[in-house]
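Q:
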Amino acid sequence: GELQAESLAPCPGEAQRSSTCVFVQGVKKPYTELIDVTWGDPQGAGLKPLTFARQVLAACLYPKLLNNERLPADVRQRAEGLLHECHGGSVGSYTDLPGIPQVARQISEFISRRDGGVPSDPDHILISPGSQWALQNILSVLVRGDGGGGGGGGGGVRSGVLTPQPSYSLSVMSVVGLGGVPVPYQLWEEQGWEVQVEELNRALEAAEGECDPVALYVINPGNPSGHVQRRKSIQDVIKFASEKRLFLLADEVYQDCIYKENIEFLSYKRVLAEMGPPFCDTVELASFHSASKGLLGEYVCGFRGGYVELVNMDPAVMKHVFTIFSKDNAPTPGQIALSVMRGLQSLQEDKGQTVFLLLKVHEVLNSLPGVSSHPVEGGAFAFPRIDLPPKAIQKAKDLGMEPDIFYCLRLLEDAGLFFTPGCEYGQKDGTYHVRYDTMDDLLTRLAAHHTQFMNDFS
Amino acid sequence: MSQQHAVNGVLPKGKVLTLETMNPNVKKVEYAVRGPIVQRAVQLEKELREGAKKPFTEVIRANIGDAHAMGQKPITFLRQVLALCAYPDLLEDNKFPEDAKQRARRILAACGGQSIGAYSASPGIECIRQDVSRYIEKRDGGIPSNPDNIYLSTGASDAIVTILKLLICGEGRGRTGVMISIPQYPLYSAALADLGAVQINYYLDEDKCWSLDVNELKRAINEARQHCNPRVLCIINPGNPTGQVQSRECIEQVIRFAKEENLFLMADEVYQDNVYADGCKFHSFKKVLFEMGPEYSSTVELASFHSTSKCYMGECGFRGGYMEVINMDPDVKTQLTKLVSVRLCPPVPGQALLDLVVNPPQPDEPSYNTFIKERTAVLAALAEKARMTEEMFNTIPGFTCNPVQGAMYTFPRISLPAKAIDKAKVKGKVPDMYYCMRLLEEEGICLVPGSGFGQRDGTYHFRMTILPPAEKLKIVLDKIKNFHIRFTEEFS
Numbered sequence: 001g002e003l004q005a006e007s008l009a010p011c012p013g014e015a016q017r018s019s020t021c022v023f024v025q026g027v028k029k030p031y032t033e034l035i036d037v038t039w040g041d042p043q044g045a046g047l048k049p050l051t052f053a054r055q056v057l058a059a060c061l062y063p064k065l066l067n068n069e070r071l072p073a074d075v076r077q078r079a080e081g082l083l084h085e086c087h088g089g090s091v092g093s094y095t096d097l098p099g100i101p102q103v104a105r106q107i108s109e110f111i112s113r114r115d116g117g118v119p120s121d122p123d124h125i126l127i128s129p130g131s132q133w134a135l136q137n138i139l140s141v142l143v144r145g146d147g148g149g150g151g152g153g154g155g156g157v158r159s160g161v162l163t164p165q166p167s168y169s170l171s172v173m174s175v176v177g178l179g180g181v182p183v184p185y186q187l188w189e190e191q192g193w194e195v196q197v198e199e200l201n202r203a204l205e206a207a208e209g210e211c212d213p214v215a216l217y218v219i220n221p222g223n224p225s226g227h228v229q230r231r232k233s234i235q236d237v238i239k240f241a242s243e244k245r246l247f248l249l250a251d252e253v254y255q256d257c258i259y260k261e262n263i264e265f266l267s268y269k270r271v272l273a274e275m276g277p278p279f280c281d282t283v284e285l286a287s288f289h290s291a292s293k294g295l296l297g298e299y300v301c302g303f304r305g306g307y308v309e310l311v312n313m314d315p316a317v318m319k320h321v322f323t324i325f326s327k328d329n330a331p332t333p334g335q336i337a338l339s340v341m342r343g344l345q346s347l348q349e350d351k352g353q354t355v356f357l358l359l360k361v362h363e364v365l366n367s368l369p370g371v372s373s374h375p376v377e378g379g380a381f382a383f384p385r386i387d388l389p390p391k392a393i394q395k396a397k398d399l400g401m402e403p404d405i406f407y408c409l410r411l412l413e414d415a416g417l418f419f420t421p422g423c424e425y426g427q428k429d430g431t432y433h434v435r436y437d438t439m440d441d442l443l444t445r446l447a448a449h450h451t452q453f454m455n456d457f458s
Numbered sequence: 001m002s003q004q005h006a007v008n009g010v011l012p013k014g015k016v017l018t019l020e021t022m023n024p025n026v027k028k029v030e031y032a033v034r035g036p037i038v039q040r041a042v043q044l045e046k047e048l049r050e051g052a053k054k055p056f057t058e059v060i061r062a063n064i065g066d067a068h069a070m071g072q073k074p075i076t077f078l079r080q081v082l083a084l085c086a087y088p089d090l091l092e093d094n095k096f097p098e099d100a101k102q103r104a105r106r107i108l109a110a111c112g113g114q115s116i117g118a119y120s121a122s123p124g125i126e127c128i129r130q131d132v133s134r135y136i137e138k139r140d141g142g143i144p145s146n147p148d149n150i151y152l153s154t155g156a157s158d159a160i161v162t163i164l165k166l167l168i169c170g171e172g173r174g175r176t177g178v179m180i181s182i183p184q185y186p187l188y189s190a191a192l193a194d195l196g197a198v199q200i201n202y203y204l205d206e207d208k209c210w211s212l213d214v215n216e217l218k219r220a221i222n223e224a225r226q227h228c229n230p231r232v233l234c235i236i237n238p239g240n241p242t243g244q245v246q247s248r249e250c251i252e253q254v255i256r257f258a259k260e261e262n263l264f265l266m267a268d269e270v271y272q273d274n275v276y277a278d279g280c281k282f283h284s285f286k287k288v289l290f291e292m293g294p295e296y297s298s299t300v301e302l303a304s305f306h307s308t309s310k311c312y313m314g315e316c317g318f319r320g321g322y323m324e325v326i327n328m329d330p331d332v333k334t335q336l337t338k339l340v341s342v343r344l345c346p347p348v349p350g351q352a353l354l355d356l357v358v359n360p361p362q363p364d365e366p367s368y369n370t371f372i373k374e375r376t377a378v379l380a381a382l383a384e385k386a387r388m389t390e391e392m393f394n395t396i397p398g399f400t401c402n403p404v405q406g407a408m409y410t411f412p413r414i415s416l417p418a419k420a421i422d423k424a425k426v427k428g429k430v431p432d433m434y435y436c437m438r439l440l441e442e443e444g445i446c447l448v449p450g451s452g453f454g455q456r457d458g459t460y461h462f463r464m465t466i467l468p469p470a471e472k473l474k475i476v477l478d479k480i481k482n483f484h485i486r487f488t489e490e491f492s
């Protein structure tokens with residue numbers, strides 16, 4: 001398939017590479033290091049990992065440490081329990097589907113607790129090397145790339161997947177890569193990036209004749225928007241999916257990152273279950289989560305642990321889904337990370353710090369000329385809108401690039417800050433946004449650079 | 001069509017996602033190594049745990065190339081470094097040798113935020129890619145390797161599927177055809193089914209120790225040209241499931257063939273350290289390619305794959321691997337770089353492990369002696385088990401077993417009585433699956449039927465790993481012998 005999405009920075013860590021170039025060339029810059037905040041990777045940005053999780057992992061990797069009294073008893077016990085369930089007592093073995101049994105059970109218990117007691121079946125949970133991997137596997141079952149399957153018979157209609165705009169670009173790329181058609185539905189910036197059913201309807205109608213829509217992909221909390229869906233909104237989406245016969249794909253990887261007071265995260269599964277029949281028994285849903293995001297102070301994105309929970313899936317189809325997943329073992333360190341993460345309580349102090357940061361972010365952003373940002377309710381990013389001066393837009397066009405790419409390039413060059421331009425996520429024509437991780441040191445640089453930029457082009 | 005609306009508030013019956021509406025390619029995907037027989041084995045294990053009485057006390061999982069599951073011990077040095085990376089406080093612990101600490105520090109320094117929990121660049125951590133290319137240069141007698149051509153991956157399987165995604169396109173008679181050996185490791189057939197490619201089978205010669213004959217390649221491709229567009233040639237060396245180690249001559253012939261027929265070569269070399277038979281030697285495709293001179297080395301497009309799952313490490317659970325791409329069109333390479341970014345990055349612990357595999361302790365380092373001892377022991381044990389297996393199987397009437405030259409498996413041909421074949425058909429099973437299921441139920445030994453790998457019509461095989469510890473393996477071989485004799489009796 002043709003992958004059309006262009007990415008300004010396809011690789012996390014490209015900032016490091018850029019910084020190497022900068023130093024090798026010996027050019028003087030008003031900063032000594034780049035801050036790469038494009039990939040939602042707090043560990044990369046310097047947060048300290050949780051000791052417990054790391055100790056458990058170390059003991060699993062090198063079981064001789066189980067005899068080391070420097071490691072606390074609970075660490076050793078936990079590691080022993082995990083190793084007991086690994087074939088041959090080694091994390092070097094493959095694991096069966098859906099993963100290390102203990103881990104799948106813990107995940108299902110976590111899900112059930114999270115959802116106020118709604119039962120979760122460990123046999124319907126599949127662990128994968130990261131949530132994107134699981135999403136691709138599920139999409140590959142849903143999406144008919146060439147309309148006929150196998151050998152490109154042609155003549156058939158390609159599958160469509162409704163995707164939000166703005167959206168996490170890699171998910172959209174996955175749809176394209178499988179030969180599917182992304183059908184964008186706009187999130188309403190004016191209403192804090194809400195999902196509106198009228199817009200879902202419009203998108204579906206626009207797709208008529210273009211493709212055969214089979215699925216509806218939602219991200220909650222939103223990426224990049226940071227919006228957290230309320231119960232009514234989730235119910236409306238579920239009803240829409242039910243009525244229009246769409247498979248629901250709920251990307252909920254930021255569910256542990258909720259900041260706004262008096263909001264709680266409600267999973268699609270929970271809302272679905274609490275809607276009762278007929279919806280709870282009929283709407284087909286896949287919910288995705290990951291070890292990579294969360295407020296627990298321990299980020300293990302590099303370990304690649306994620307999972308999908310399948311709800312109301314046809315058992316005959318489920319068998320095939322299992323075969324697809326059986327080809328890709330989830331890395332054992334990633335499964336251990338999932339296990340330890342699920343078992344830990346949220347650290348209140350960490351959350352408090354992040355909430356404080358976010359309020360600061362909101363304040364600073366909205367104080368900058370031409371910048372407007374909704375409060376970040378959840379997720380890991382801010383997605384402010386920037387009303388770029390006409391001269392800047394013209395300059396960008398002269399250089400043959402999108403105005404928000406131009407802004408981000410200048411930001412990178414002059415302030416060493418690596419943000420992603422809104423065009424990568426999709427935005428309304430004529431508007432410009434940037435996405436960045438909500439870390440604090442960068443705010444000063446951002447404020448200084450932005451003021452200068454706006455002055456230069458006034 | 002999935003667009004049906006509610007009528008009078010009543011939802012139409014039937015699921016949205018059914019066998020009819022799903023991607024039809026998925027239905028064709030099978031992965032025998034973890035297929036129905038393994039599911040039954042898991043079920044039996046559960047029953048045993050719950051106290052059920054069986055003619056055996058444990059299920060022996062000789063179906064998958066998982067060394068640690070069968071009791072092989074991890075290499076100490078590798079796990080020490082990984083533990084240090086996972087919990088850097090251990091760098092203060094004097095029970096860890098200095099060379100392990102030095103490598104851990106180096107790896108951590110190359111990670112974002114000095115942590116192996118951070119995402120890495122999508123093609124892998126830069127300094128590890130450099131280490132891999134240095135390893136390749138050393139292995140291949142100095143032939144240069146460019147780190148920009150190295151992509152780290154989530155096991156070799158991930159890289160193999162990624163390359164196939166790039167290569168498979170077209171419609172109808174123009175659809176990409178991919179040549180793969182019969183028998184083959186079913187990741188290939190599964191990926192080809194999933195991606196809707198045309199699988200072009202070339203048969204290895206069982207009577208000649210599973211060797212590859214170029215004439216067979218020619219036959220296969222000429223036939224295939226009538227209904228597809230052959231573009232890729234996959235070769236597994238050392239072979240899986242057959243274990244054959246290709247001679248240098250044969251590799252040259254394959255390369256010449258690939259050049260003549262304008263094929264992209266995919267060389268799956270994950271078993272490169274697992275070579276046992278006298279007179280056999282691993283020759284990397286890249287090395288041979290370059291030693292054939294610029295006419296070949298500057299034109300033939302090649303991707304070579306390796307992993308941390310096999311050899312002496314056996315660290316399947318870490319999902320470490322890489323591919324090296326040679327002579328790839330630069331524009332395609334850009335697309336490849338973009339493609340690998342969609343899954344963000346390969347697991348960093350696996351990348352770290354790979355770094356140690358390509359950067360093992362040197363003779364002047366404290367961990368060297370232990371490391372060499374452990375590595376030699378693992379490989380020697382495998383060689384002995386390979387020999388034992390071939391010898392034993394060839395004493396069983398009805399068994400023909402080729403020497404296990406390399407890799408980790410044996411793939412004997414078994415003769416099944418006509419009545420057994422009929423019985424299998426009655427039960428709706430392929431004959432060798434019926435045989436293997438009976439073996440599982442009666443002896444608790446889990447193997448994979450040859451039908452899962454491909455075999456000539458009318459022949460039956462199974463694949464068994466040679467991984468159980470020698471003592472246990474002897475028992476397994478005995479049990480199989482007794483089972484086969486009984487089975488043949490029953491259907492005589």
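Protein sequence lines, in the order shown, are assigned to chains A and B.
Residues 1 to 458 (UniProt numbering) make up the first sequence, in order.
Residues 1 to 492 (UniProt numbering) make up the second sequence, in order.
For each residue, glycine too, the CB sits at the ideal point set by N, CA and C.
Return the chain-ordered list of same chain residues with a C-beta closer than 8 Å to the C-beta of residue 395 of chain B, the five sequence neighbours on each side being excluded.
A: As a working mapping, residue 395 of chain B is identified with position 395 in the second sequence. Counting only Cβ-Cβ distances below 8 Å, and skipping sequence neighbours, we find 481.
Q: Against chain A, does residue 74 of chain B count as a neighbour if the rule is that its beta carbon must be under 8 Å from one of theirs?
A: Counted from its first residue, the second sequence places residue 74 of chain B at position 74. Yes - at least one Cβ of chain A is within 8 Å of the one on residue 74 of chain B.
Q: Can you grab the Cα-Cα spacing for the pair residue 491 of chain B / residue 30 of chain B, in whole Å?
A: As a working mapping, residue 491 of chain B is identified with position 491 in the second sequence. As a working mapping, residue 30 of chain B is identified with position 30 in the second sequence. Distance between the alpha carbons of residue 491 of chain B and residue 30 of chain B: 30 Å.
Q: Kindly list the residues whose CB is nearer than 8 Å to the CB of residue 475 of chain B, restricted to its own chain and excluding five residues on each side of it in sequence; keep chain order.
A: Translated into the one-based positions of the second sequence, residue 475 of chain B becomes position 475. Same-chain partners within the cutoff: there are none.
Q: Suppose you measure from the CA of residue 414 of chain A to the CA of residue 406 of chain A; what does that come to, to the nearest Å?
A: By 1-based counting over the first sequence, the position of residue 414 of chain A is 414. By 1-based counting over the first sequence, the position of residue 406 of chain A is 406. If you take the alpha carbons of residue 414 of chain A and residue 406 of chain A, they lie about 12 Å apart.
Q: Using 8 Å as the cut-off, can you tell me whether the region 357-374 of chain A makes contact with the region 312-327 of chain A, which would need three or more C-beta pairs spanning the two stretches below that distance?
A: no
Q: So which residues on chain A does residue 66 of chain B lean against when the C-beta distance must stay under 7 Å?
A: As a first step, residue 66 of chain B is located in the second sequence; it is residue number 66 there, counting from the start. The contacting residues are 87, 93 and 94.
Q: How about residue 472 of chain B: is its C-beta nearer than 8 Å to some C-beta of chain A?
A: Taking the first residue of the second sequence as position 1, residue 472 of chain B is located at position 472. No, no contact with chain A.
Q: Tell me the DSSP secondary structure of residue 79 of chain A in three-state form.
A: As a first step, residue 79 of chain A is located in the first sequence; it is residue number 79 there, counting from the start. Residue state, collapsed to three classes: helix.
Q: For the region 140-157 of chain B against the region 315-331 of chain B, are there 3 or more C-beta pairs whose distance is under 8 Å?
A: yes
Q: Give me the chain A residues within the contact set of residue 80 of chain B, using Cβ-Cβ distance strictly less than 7 Å, ordered along the chain.
A: Against the second sequence, residue 80 of chain B aligns to sequence position 80. Chain A residues near residue 80 of chain B: 62.
Q: Using 8 Å as the threshold, is the region 402-417 of chain B in touch with the region 276-291 of chain B, meaning 3 or more CB pairs across them?
A: yes
Q: Name the residue from B:415, B:253, B:378 and B:158 whose alpha carbon lies nearest to the alpha carbon of residue 468 of chain B.
A: Along the second sequence, read from residue 1 onward, the residue named residue 468 of chain B stands at position 468. Between residue 468 of chain B and the set B:415, B:253, B:378 and B:158, the nearest pair of CA atoms involves B:378.
Q: Return the chain-ordered ranges of every beta strand (DSSP E) run that is complete within the region 128-186 of chain A and spans a minimum of 3 residues.
A: Taking only runs of at least 3 residues, the beta strand (DSSP E) segments lying wholly in the region 128-186 of chain A are 159-165 and 181-186.
Q: Please list the partners that residue 289 of chain A has in chain B, where partner means a Cβ-to-Cβ separation under 9 Å.
A: As a first step, residue 289 of chain A must be located in the first sequence, where it is residue number 289. In chain order: nothing, as chain B lies at least about 15 Å away.
Q: Nearest chain B C-beta to residue 78 of chain A closer than 8 Å, yes or no?
A: Indexing the first sequence from 1 puts residue 78 of chain A at position 78. It does not: the Cβ of residue 78 of chain A has no partner Cβ on chain B nearer than 8 Å.
Q: Residue 332 of chain A CB to nearest chain B CB: under 8 Å?
A: If you number the first sequence from 1, residue 332 of chain A lands on position 332. Interface residue, yes.
Q: Starting from residue 70 of chain B, find everything on chain A with Cβ-Cβ shorter than 7 Å and list it in chain order.
A: If you number the second sequence from 1, residue 70 of chain B lands on position 70. Going along chain A in sequence order, the residues near residue 70 of chain B (Cβ under 7 Å) are 88.
Q: What does the Cβ neighbour count give for residue 316 of chain A, buried or exposed, with the cut at 16 atoms within 10 Å?
A: Position 316 of the first sequence holds residue 316 of chain A. Exposed: under 16 other Cβ atoms inside 10 Å.
Q: Does the distance from the CB of residue 338 of chain A to the CB of residue 111 of chain A come in under 8 Å?
A: For the purposes of this step, residue 338 of chain A is taken as residue 338 along the first sequence, with counting starting at 1. For the purposes of this step, residue 111 of chain A is taken as residue 111 along the first sequence, with counting starting at 1. No, they are not a contact pair.
Q: Can you list, in chain order, the residues of its chain whose CB lies under 7 Å from that of residue 127 of chain B, leaving out five sequence neighbours each side?
A: As a position in the second sequence, residue 127 of chain B is number 127, starting the count at 1. Correct list, in chain order: 110.
Q: With the cut-off set at 8 Å, would you say residue 267 of chain B and residue 235 of chain B are in Cβ contact?
A: In the second sequence, the residue the question calls residue 267 of chain B occupies position 267. In the second sequence, the residue the question calls residue 235 of chain B occupies position 235. The answer is yes: Cβ separation under 8 Å.
Q: Against chain B, which members of the region 364-398 of chain A pass a CB distance test of less than 9 Å?
A: none
Q: By a C-beta neighbour count over all protein chains shown, 10 Å radius and 16 as the cutoff for buried, is residue 372 of chain A buried or exposed?
A: Position 372 of the first sequence holds residue 372 of chain A. So residue 372 of chain A ends up on the exposed side.
Q: List the residues that DSSP assigns as beta-bridge partners of residue 406 of chain B.
A: The count along the second sequence starts at 1 and reaches residue 406 of chain B at position 406. In DSSP, residue 406 of chain B forms a bridge with B:275.
Q: Just checking: is the beta-carbon of residue 43 of chain A within a distance shorter than 8 Å of some beta-carbon in chain B?
A: Numbered from 1 along the first sequence, position 43 holds the residue referred to as residue 43 of chain A. Only weak support exists for where residue 43 of chain A lies, its pLDDT of 49 falling under 50; the coordinates are left without a value.
Q: Nearest to residue 497 of chain B by CA position, among B:82, B:318 and B:332, is which residue?
A: As displayed, chain B neither begins before 1 nor continues past 492, which places residue 497 of chain B out of reach and without an answer.
Q: Looking at the C-beta of residue 449 of chain B, does it have a partner C-beta in chain A at a distance below 8 Å?
A: On the second sequence, residue 449 of chain B is found 449 positions in, with the first residue counted as 1. Not one chain A Cβ lies under 8 Å of residue 449 of chain B.
Q: In the structure shown, what three-state DSSP assignment does residue 154 of chain B receive?
A: Locating residue 154 of chain B in the second sequence gives position 154, counting from the first residue. Strand at residue 154 of chain B.
Q: Do residue 301 of chain B and residue 264 of chain B count as a contact pair if the criterion is CB distance below 8 Å?
A: Along the second sequence, one-based indexing puts residue 264 of chain B at 264. Along the second sequence, one-based indexing puts residue 301 of chain B at 301. For residue 264 of chain B and residue 301 of chain B, yes; Cβs fall inside 8 Å.
Q: Leaving out five residues before and five after residue 200 of chain A in sequence, what residues of the same chain have Cβ atoms less than 6 Å from its Cβ?
A: For the purposes of this step, residue 200 of chain A is taken as residue 200 along the first sequence, with counting starting at 1. Within the same chain, residue 200 of chain A has close Cβ partners 185 and 240.
Q: Determine which residues of the region 321-332 of chain B have a Cβ less than 9 Å from any Cβ of chain A, and write them out in chain order.
A: Those would be none; no residue qualifies.
Q: Using three-state DSSP, classify residue 97 of chain A as helix, strand or coil.
A: For the purposes of this step, residue 97 of chain A is taken as the residue at position 97 of the first sequence. Correct three-state label for residue 97 of chain A: coil.
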